[in-house]
Amino acid sequence: MKHFYLVFFFMVCSLGFSQENQAGSDIDGFKLYPNPVTYGKVYIETAHNAPKKILIFDVLGTQVLQTTIIGRELNLSSLGKGVYILRVYEKDRVATRKLIVK
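Converting from the sequence shown to my numbering requires adding 775 to each position, the first position being numbered 1.
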């Protein structure tokens with residue numbers, strides 16, 4: 776019976792790690808800076824620098840901002856101080872990061 780639990784544990788762990796690195800899940804060369812944001816602007820760089828759809832959520836999951844940027848600069852002056860979730864869509868890829876606004 777111990778062997779069954781051990782095999783089951785390894786199967787669950789391997790499935791969890793394999794889903795973490797799926798193709799199409801993260802954007803190549805993704806960089807977000809400065810984080811924490813202090814002056815109302817954040818810069819988002821990627822390997823392709825294609826147009827990006829930006830969604831920002833508060834910690835309760837409410838969408839507080841949706842925009843599309845063509846360059847690298849994102850203006851966050853409309854957001855209050857706090858912790859947010861930033862989701863970036865570029866082509867068929869998605870990146871999600873924690874964003875802190877001071």
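We put the beta carbon where it would ideally sit given N, CA and C, even for glycine.
Counting the other CB atoms within 10 Å of its CB gives A870 a total of 16 or more, which places it among the buried residues. Going by beta carbons, L874 and Y864 fall outside the 7 Å limit.
A straight line joining the alpha-carbon of D867 with that of P826 spans about 12 Å.
Residue range 827-833 is occupied by the beta strand (DSSP E) that includes I831.
In terms of CA proximity to G846, I819 leads the group L840, L835, I819.
A straight line joining the alpha-carbon of N850 with that of K877 spans about 14 Å.
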